[in-house]
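Okay, structure first, notes after.
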Ligand code: ATP
Ligand code: FE2
């Protein structure tokens, strides 16, 4: 049995988990909530720094209660998000991971946060070789595995869909995160307002759409604008995901990332998959948003394939792209 401790803290959520081959042994999280406006990287990093000791202690204690035979000496490696993410947050969590690995005298494992979202989804849903739509705050990408790497088939040309929804929500005076609140308002919209639908080749863009949605608030009910924003943005994502599936000839699709919790987005993708006799997979929502278990799980896959790090090579990578990683575990 391999046991890996994973630490996630690329943005607003600090998460820690202990994972073994067939289960999540225990997980603890602590979220930073901005007092006003969006996420301030340095404030989020301070939150993580002040919460790390408590979160890791609770993880170890909780794991011992659940599995009395387990001891700290059973931990085989410490995994952390090496990127992408906010520099100050990444550095804080990486420092803790290095200290833990040195103290426990076990290997340090640096993982790509985007690939962790994908691998936990494959694990929880049992999908073998899907086209993945990864949609979160900072990231929006369509990916699939091909010859040793996750290839990015399409991605946002500017901001992530989550940030677009959060920016729009902030503009109308809603608190962070705005995505779920826009979803709730959109469910009460009835009239579709035309907004910019921007797909270029396999890429898409959300900043023009966000500006146009703000402008549309003059003269249209808020619910209709939220509804039209979602319909437009999610149709763009569904179109590109479908084209990727057709191009690759793949018959499974996996949804990943925090925006994946959106019911309307899930519905559009499910319809698209049904129409082309493909299977649609989405994990439970705690494994869609940022979580420690996904870092521990990918850490375990990398540990087993020998992809560990020396401390001197463990600098964080705020712009770490998933296609930079050589996938040796598949
Ligand atoms: P990453 O580092 O991968 O970009 P992240 O820090 O943005 O991750 P996630 O938890 O993956 O974190 O995603 C958070 C985003 O998901 C926020 O932008 C939030 O508004 C959005 N979101 C959450 N629930 C919903 C929902 N029901 N509908 C739309 N958006 C949602
Ligand atoms: Fe994420």
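Numbering (this note's numbering), first residue to last: 175 to 504.
Ideal placement from N, C-alpha and C gives every residue a C-beta, glycine not left out.
Check whether residue i and residue j have beta carbons under 7 Å apart
i	j	result
residue 338	residue 380	yes
residue 306	residue 292	yes
residue 237	residue 199	yes
residue 322	residue 340	no
residue 229	residue 190	yes
residue 261	residue 492	yes
residue 370	residue 382	yes
residue 400	residue 360	yes
residue 335	residue 433	yes
residue 485	residue 272	yes
residue 483	residue 282	yes
residue 376	residue 412	no
residue 474	residue 280	no
residue 350	residue 212	yes
residue 455	residue 444	no
residue 397	residue 363	yes
residue 496	residue 324	yes
residue 298	residue 461	yes
Distance between beta carbons of residue j and residue i, contact taken as under 8 Å
i	j	result
residue 403	residue 439	The Cβ separation is near 12 Å, so there is no contact.
residue 488	residue 502	18 Å between Cβ atoms; not a contact.
residue 316	residue 415	6 Å
residue 252	residue 179	5 Å
residue 373	residue 419	That pair is no contact at about 15 Å.
residue 185	residue 300	Actually they are not in contact, since the Cβ atoms of residue 185 and residue 300 sit about 28 Å apart, beyond 8 Å.
residue 477	residue 250	6 Å
residue 182	residue 464	6 Å
residue 256	residue 494	6 Å
residue 227	residue 303	No, residue 227 and residue 303 are not in contact; Cβ-Cβ is about 41 Å, not under 8 Å.
residue 513	residue 342	For the chain, the structure presents residues 175 to 504; residue 513 sits outside this window and is missing.
residue 246	residue 278	7 Å
Strand pairing of residue i, partner residues [DSSP]
i	result
residue 427	305 and 454
residue 272	Partner(s): none; residue 272 has no beta bridge.
residue 438	Paired residues: none, contrary to the question.
residue 286	257
residue 203	189
residue 210	Residue 210 is not bridged to any residue.
residue 378	330 and 373
residue 318	305 and 325
residue 249	177
residue 278	Answer is none; residue 278 lacks a bridge partner.
residue 483	282
residue 198	193
residue 182	189
query: Taking contact to mean at least 3 C-beta pairs separated by less than 8 Å, is the stretch 421-435 in contact with the stretch 384-396?
result: no
- prompt: Any residues whose CB sits closer than 5 Å to a heavy atom of the ligand ATP? List them in chain order?
  reply: 184, 185, 310, 311, 312, 313, 336, 340, 351, 353, 354, 357, 431, 432, 433, 435, 436, 463 and 464
The stretch 258-273 / the stretch 210-230 touching (three or more Cβ pairs under 8 Å): yes
Given 8 Å, three or more beta-carbon pairs between the stretch 461-475 and the stretch 275-293: yes
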